[in-house]
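Student: Submitted below is the structure of interest, expressed as structure tokens.
Protein chains: 2
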Amino acid sequence: MAVKRRASAADLANRQREISISEFFTKNRHLLGFDSPSKALLTAVKEAVDNSLDACEEAGILPEIKVELDALAEDRYMVTVEDNGPGIIRKQVPKIFGKLLYGSKFHRLKQSRGQQGIGISAAGMYAQLTTGKPVLIITRTGASREPHQLEVAIDTKRNAPSVLKDKEIEWDKKHGTRVTMELEAVYRKGQHSVDEYMVQTAMANPHARIEYRTPKGDEVTYERSTEELPVEAREIKPHPYGVELGILARMLRDSKSRTVLAALKSDFSRVSDNVGRSILKEAGIPEKRSPRHVASREVESLFRAIPKVKIMAPPTNCLSPIGEDAILSGMKKLVPADWYVARTRPPSVYRGNPFQVEVGLAYGGALESDGLARVIRYANRVPLLYQAGGCGITKAVLTTSWRGYGLQQARGALPSGPLVIFVHIASVWVPFTSESKEAIAHYPELLKDVRLALQECGRKLSAHIRRGKREADEHRKRTYIAKYLPYVGDALQEILSLSPKKRDQVVEQLTNMLERSRKM
Amino acid sequence: MAVKRRASAADLANRQREISISEFFTKNRHLLGFDSPSKALLTAVKEAVDNSLDACEEAGILPEIKVELDALAEDRYMVTVEDNGPGIIRKQVPKIFGKLLYGSKFHRLKQSRGQQGIGISAAGMYAQLTTGKPVLIITRTGASREPHQLEVAIDTKRNAPSVLKDKEIEWDKKHGTRVTMELEAVYRKGQHSVDEYMVQTAMANPHARIEYRTPKGDEVTYERSTEELPVEAREIKPHPYGVELGILARMLRDSKSRTVLAALKSDFSRVSDNVGRSILKEAGIPEKRSPRHVASREVESLFRAIPKVKIMAPPTNCLSPIGEDAILSGMKKLVPADWYVARTRPPSVYRGNPFQVEVGLAYGGALESDGLARVIRYANRVPLLYQAGGCGITKAVLTTSWRGYGLQQARGALPSGPLVIFVHIASVWVPFTSESKEAIAHYPELLKDVRLALQECGRKLSAHIRRGKREADEHRKRTYIAKYLPYVGDALQEILSLSPKKRDQVVEQLTNMLERSRKM
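Heads up: the sequence lines are chains Z and S, in that order.
Going by the working numbering, the first sequence opens with residue 17, and the numbers climb by one from there.
Going by the working numbering, the second sequence opens with residue 17, and the numbers climb by one from there.
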């Protein structure tokens, strides 16, 4: 065998090194949504706005968000996002903005925009990487508290924050947070633009008031169309059907309960005394056993026992869907169609995670009629503007047969026609295809539900399209006849020598008859 | 403003927590390619085979890989991958298999299959998560060394390995590594299957000999079609055009050189004395200044100066393309078409990273003629079987107008016809859309080059298709006439009363004339 030694095992060993998570994402910044200057601008805004909306809703405050873009050079922008949220207590600021993988949303099951503890610190890291400038944060947690102003940088080799400035300042806001970042970026119009993101965000968040100032100085304000906060999403415990063997083992190891039965009941949702007992019976593990003393072989039989026991689906008050009315009013406000329909599916479950699909269709009107349909994707109320091709939502739309609903559709392509398709997936854990949260992974359960919702709306659409055709014909006929009724009237007047009044009555009656016949 | 307090800043603060990288990927395991049991099987095999091929090539050994799948239950498999590589020295084994973000390939610029230090440890983590079983490794670094056998688990909370067993054993192999993992998985046939991955891997690695045993016990062996190792890819330094401000600042801070000029020359590729001088002159920084004493404002002017100076493109010996001949022989061996073409583009650069695009087309023959074309995607010789929709390569194929080349193509869809499209992107840093390395990010420079390569091959294809049509007609005519020549001969014989010999000569001459006329 041809062996020309290049490197030995020892050589290879000497090259082995540890990689810091921030180094990893610095090199892989497209994973975070910073692969192009125009996308970077959008991502930075998105991460900050997501956090603001989440914070407001968690604190029960109707969001007032202000987004300002300033062009410092053609390839350098300043992004400022200000909210009226609860503010951030001083001690937390550095880690939230200067450390990747740090946050409040990762270790819980509850619908929220953020879920990874990466977004905003990643934006800060990108800003620093491209301009060397730290993130500037002003925050205040209440009228009685002093506003703080901090400058936070991130030490990528250690993935740790370093605070450059920290002082109390004057601020007119009673409570809220204001984040400013300076980054290499480009401002563009179009489907992937910050402008578009703002429109779509307003569409899915009718309870938020959003002021937006473009780099050109144009100011747009999206007034809220409801004073109602979305129902608060509650945190839930994991459902037994979704747990993995390894996780189950760790949960038992870490459990504070005295018995394994108590552990199952307290650490999982929907595990009643009975359910717990039957699982343990099935697994052949004594209820009183301490969870710390369940051998790994037993954990496996416990794991195998769970699916054999009938367990109620997880509670769904961890979800906060937009709702059909809100979707309709949002679309009517921002999509120039002449027919709309919306459908919120009942919640379902994948891997023990509750999720809920909502779909809206807007058709006709001023929408471009010779082109592919436009798909607007949302996850937990956040618009997804990139990676449409890789998104499970797109897949679901492509694999729905739209011909059946009276639309053109080429093989492997989107349907064509004056159609906008709105899809929202709400979940306690949205499986994104990358940290940039731009596309949803192809989980069969998710795709299935999206398809079902599309079909429900699609049937209504085809009815509308058919009716549209029929009515058009009807109308043509009717106006045709109607045109001649007056002459008929004159003719009758002559033949039956009617008074002008009588003639008009007859004409009117005939018209009504025609009207009725059409209705039937 | 409606304020119904839900959570205060303090409440929110109490929920803030650190997230370990392994916890993050455990919850986000679809990012690593483990979102479904069938995909998990493929990903585990892929990560192990990638490492084996990389190790063999780095050590200058012609790869002999053995892949074995064993079904332990319908949802549980044992994956074993054995190679004849250089082996791994004992001390490195735990971290390589039991720690995410640890490896030899992240911190260098050189084409290799692995680049993140995540793959194989992630596979081990998934195995442990779903079956509780550790990874079993046997490795030996040479005939004179003892083979070692280790069992490595990963402590996800600390992202650190824990070694469960470690002993010296008997092993007949002189050098190499054997990895065994037990995981929840499903074995499927079809386009996303391990079988398909094996075929495509063989196609792009004609220098490797691969033995593959399916869970059903079928054994397939892909013999190597060349005894030549690919040219060794050399490690290069970053190119100034690709560096970011933040990275530049850090490089200067960490530089060991005494002067900033020396730093530029030694830490970057293609920075000669002259280039270095003109950059510093442009930036207004004295050459003799210590790199550690360049103020951040100066770093920025240095950063701005770089693009103003003409610098030679980076060296491309860091790349190791497959080559047109190897692509052709690979396709001819495994794709049942009757016409083939391949093109290896000259290297180009994105963000200072050299990359090279290779394209092959296979057309006609036994390929299905009424369906969409099939796209086979590779990155650094590794087949990409998932997330086709989200991949820049697919985008490039979709946005190439195939009608011009004599194929059907619906708007927004792939071309249709008996066509297989082979695309390979080789680079020192492939920008994947997620850690699972299934799809390539939409970097314009990459897409452009793929499109150019597709067009070059497309033009050849259209010529072939046109010629095909013409020849078919020709052939019909000719055989038609040829059929009657003997009778013409007989007729002439009668009319001119020729001898049988003369008649045959005449017929032959006529046939030749016909032959010639066709050639013209």
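C-beta atoms are modelled at their ideal positions from N, C-alpha and C, and glycine is treated no differently.
Return the chain-ordered list of same chain residues with a C-beta closer than 7 Å to the C-beta of valine 351 of chain S, the five sequence neighbours on each side being excluded.
Tutor: The count along the second sequence starts at 1 and reaches residue 351 of chain S at position 335. Same-chain partners within the cutoff: Ala378 and Val436.
Student: With a CB to CB cut of under 8 Å and the five nearest residues on each side skipped, what residues in its chain are close to alanine 429 of chain S?
Tutor: Working through the second sequence from its first residue, we reach residue 429 of chain S at position 413. Excluding residues within five positions, the ones whose Cβ falls inside 8 Å are Leu388 and Leu414.
Student: Between the region 330–339 of chain Z and the region 367–378 of chain Z, do at least 3 Cβ pairs fall closer than 8 Å?
Tutor: The answer is yes - the region 367–378 of chain Z touches the region 330–339 of chain Z, with three or more Cβ pairs under 8 Å.
Student: Just the chain S side, please: which residues come within less than 9 Å of tyrosine 118 of chain Z by C-beta, in chain order?
Tutor: Locating residue 118 of chain Z in the first sequence gives position 102, where the first residue counts as 1. Here the neighbours are Gln32, Arg33, Glu34 and Ile35.
Student: Give the straight-line distance between the Cα atoms of valine 65 of chain S and arginine 367 of chain Z, rounded to the nearest whole angstrom.
Tutor: As a working note, residue 65 of chain S is residue 49 in the second sequence. As a working note, residue 367 of chain Z is residue 351 in the first sequence. In a straight line, the C-alpha of valine 65 of chain S is about 29 Å away from that of arginine 367 of chain Z.
Student: Would you report the Cα separation of alanine 26 of chain S and glycine 158 of chain Z, rounded to the nearest angstrom?
Tutor: The count along the second sequence starts at 1 and reaches residue 26 of chain S at position 10. The count along the first sequence starts at 1 and reaches residue 158 of chain Z at position 142. Taking the straight line from one Cα to the other gives about 11 Å.
Student: List the endpoints of the continuous alpha helix (DSSP H) containing threonine 275 of chain S.
Tutor: Translated into positions along the second sequence, residue 275 of chain S becomes position 259. Neither: threonine 275 of chain S is in no alpha helix (DSSP H) and is coded neither H nor E.
Student: Would you verify that the beta carbon of histidine 164 of chain Z is, or is not, closer than 8 Å to some beta carbon of chain S?
Tutor: Position 148 of the first sequence, counted from the start, is the residue given in the question as residue 164 of chain Z. For histidine 164 of chain Z, the answer is no, since every Cβ of chain S falls outside 8 Å of its Cβ.
Student: Specify the secondary structure class of valine 151 of chain Z as computed by DSSP and reduced to three states.
Tutor: Translated into positions along the first sequence, residue 151 of chain Z becomes position 135. Correct three-state label for valine 151 of chain Z: strand.
Student: Starting from proline 53 of chain S, trace the alpha helix (DSSP H) both ways and give me its first and last residue.
Tutor: Start at 1 with the first residue of the second sequence, and residue 53 of chain S comes out as number 37. Where proline 53 of chain S is concerned, the enclosing alpha helix (DSSP H) stretches over 53–75.
Student: What is the C-beta distance between glycine 114 of chain Z and alanine 169 of chain Z, in whole angstroms, given that I count them as a contact (C-beta under 8 Å)?
Tutor: To locate residue 114 of chain Z, count along the first sequence from 1; it is residue 98. To locate residue 169 of chain Z, count along the first sequence from 1; it is residue 153. Yes, they are in contact, since the Cβ atoms of glycine 114 of chain Z and alanine 169 of chain Z sit about 7 Å apart, within 8 Å.
Student: Sorted by chain position, which residues of the same chain lie with C-beta nearer than 6 Å to glutamate 227 of chain S's C-beta, five sequence neighbours on each side aside?
Tutor: For the purposes of this step, residue 227 of chain S is identified with residue 211 of the second sequence, where counting begins at 1. Contacts found: Lys82 and Thr237.
Student: To the nearest angstrom, how far is it from the Cα of arginine 390 of chain S to the Cα of glycine 148 of chain Z?
Tutor: What you label residue 390 of chain S is simply residue 374 of the second sequence in a count that begins at 1. What you label residue 148 of chain Z is simply residue 132 of the first sequence in a count that begins at 1. Computed Cα separation, rounded: 45 Å.
Student: Can you list the beta strand (DSSP E) stretches of 3 or more residues lying completely in the region 411–463 of chain Z, in chain order?
Tutor: Here the runs fully enclosed are 435–443.
Student: Whose Cβ in chain Z lies nearer than 8 Å to the Cβ of isoleucine 112 of chain S?
Tutor: Start at 1 with the first residue of the second sequence, and residue 112 of chain S comes out as number 96. Those within 8 Å of isoleucine 112 of chain S in chain Z are Gln32.
Student: Whole-angstrom Cβ separation of alanine 342 of chain S and proline 222 of chain S, contact assumed at under 8 Å?
Tutor: Taking the second sequence and counting its residues from 1, the one referred to as residue 342 of chain S is at position 326. Taking the second sequence and counting its residues from 1, the one referred to as residue 222 of chain S is at position 206. The Cβ separation is near 5 Å, so the contact holds.
Student: With a threshold of 8 Å between beta carbons, is valine 19 of chain S in contact with chain Z?
Tutor: Position 3 of the second sequence, counted from the first residue, corresponds to residue 19 of chain S. Annotation note: pLDDT 45 at valine 19 of chain S (below 50); position unreliable, no value reported.
Student: Does the contact criterion of 3 or more C-beta pairs under 8 Å hold for the region 46–59 of chain Z versus the region 463–471 of chain Z?
Tutor: Output reads no: the region 463–471 of chain Z does not touch the region 46–59 of chain Z.
Student: Tell me which same chain residues have a C-beta within less than 6 Å of the C-beta of glutamine 131 of chain Z, skipping the five on either side of it?
Tutor: Reading the first sequence from its first residue, position 115 is the one you call residue 131 of chain Z. Correct list, in chain order: Lys121.
Student: How close, in whole Å, do the beta carbons of proline 163 of chain S and isoleucine 185 of chain S come, if the pair is a contact with beta carbons under 8 Å?
Tutor: Taking the first residue of the second sequence as 1, we reach residue 163 of chain S at position 147. Taking the first residue of the second sequence as 1, we reach residue 185 of chain S at position 169. Confirmed, about 6 Å.
Student: Quick check on DSSP: helix, strand or coil for tyrosine 203 of chain Z?
Tutor: Within the first sequence, residue 203 of chain Z is the residue found at index 187, counting from 1. DSSP places tyrosine 203 of chain Z in coil when its eight states are reduced to three.
Student: In three-state DSSP terms, what is isoleucine 170 of chain S?
Tutor: The residue given as residue 170 of chain S occupies position 154 in the second sequence. Here isoleucine 170 of chain S sits in strand by DSSP.
Student: Answer yes or no: does any C-beta atom of chain Z fall closer than 8 Å to that of proline 256 of chain S?
Tutor: Numbered from its first residue, the second sequence carries residue 256 of chain S at position 240. Closer than 8 Å: no.
Student: Taking phenylalanine 371 of chain S as part of the beta strand (DSSP E), name the residues at either end of that continuous run.
Tutor: Here residue 371 of chain S is taken as the residue at index 355 of the second sequence, counted from 1. Counting along the chain, the beta strand (DSSP E) containing phenylalanine 371 of chain S begins and ends at 369–379.
Student: Look at lysine 411 of chain S and histidine 458 of chain S and say whether their C-beta atoms are less than 8 Å apart.
Tutor: Here residue 411 of chain S refers to the residue found at position 395 when the second sequence is read from its first residue. Here residue 458 of chain S refers to the residue found at position 442 when the second sequence is read from its first residue. Going by C-beta atoms, lysine 411 of chain S is nearer than 8 Å to histidine 458 of chain S.
Student: Keeping to the same chain, check which residues put their C-beta closer than 7 Å to that of valine 291 of chain S; ignore five residues upstream and five downstream.
Tutor: Counting from 1 along the second sequence, the entry for residue 291 of chain S is found at position 275. These residues qualify, in order along the chain: Val325 and Ile327.
Student: Strictly under 8 Å for the Cβ-Cβ distance: is tyrosine 213 of chain S near chain Z by that measure?
Tutor: Here residue 213 of chain S corresponds to residue number 197 of the second sequence, with the count starting at 1. No, no contact with chain Z.
Student: With a threshold of 7 Å on Cβ separation, who are the neighbours of glycine 300 of chain Z within its own chain once the five nearest residues in sequence on each side are excluded?
Tutor: Along the first sequence, one-based indexing puts residue 300 of chain Z at 284. Cβ neighbours of glycine 300 of chain Z beyond the five flanking positions: Ser317.
Student: In chain S, which residues lie less than 9 Å from threonine 242 of chain Z when you measure between Cβ atoms?
Tutor: Taking the first sequence and counting its residues from 1, one reaches residue 242 of chain Z at position 226. Within 9 Å Cβ-Cβ: nothing; threonine 242 of chain Z doesn't reach chain S, min ~10 Å.
Student: Rounded C-beta distance between glycine 433 of chain S and leucine 423 of chain S? I'm assuming under 8 Å.
Tutor: Position 417 of the second sequence holds residue 433 of chain S. Position 407 of the second sequence holds residue 423 of chain S. Right, their Cβ atoms sit about 5 Å apart.
Student: For phenylalanine 40 of chain Z, would you say it is in contact with chain S, using Cβ-to-Cβ distances shorter than 8 Å as the test?
Tutor: Position 24 of the first sequence, counted from the first residue, corresponds to residue 40 of chain Z. True, the Cβ-Cβ gap to chain S drops below 8 Å.
Student: Given a limit of 8 Å on CB to CB distance, which residues of the region 403–423 of chain S reach chain Z?
Tutor: Of all residues in the region 403–423 of chain S, Gln403, Gly405, Gly406, Cys407, Thr410 and Lys411 have a Cβ within less than 8 Å of some Cβ in chain Z.
Student: Ends of the alpha helix (DSSP H) at serine 317 of chain S?
Tutor: The residue labelled residue 317 of chain S in the question sits at position 301 within the second sequence. 312–321 is the extent of the alpha helix (DSSP H) around serine 317 of chain S.
Student: Give me the subset of the region 311–325 of chain S whose CB atoms are less than 8 Å from a CB atom of chain Z, sorted by chain position.
Tutor: Listed by position along the chain: Ser312, Val315 and Glu316.
Student: Give the range of the beta strand (DSSP E) segment to which lysine 190 of chain Z is assigned.
Tutor: To locate residue 190 of chain Z, count along the first sequence from 1; it is residue 174. Careful: lysine 190 of chain Z lies outside any beta strand (DSSP E) and carries neither H nor E.
Student: Quick check on the burial criterion: 16 or more other C-beta atoms within 10 angstroms. Buried or exposed for valine 247 of chain Z?
Tutor: Here residue 247 of chain Z is taken as the residue at index 231 of the first sequence, counted from 1. So valine 247 of chain Z counts as exposed.
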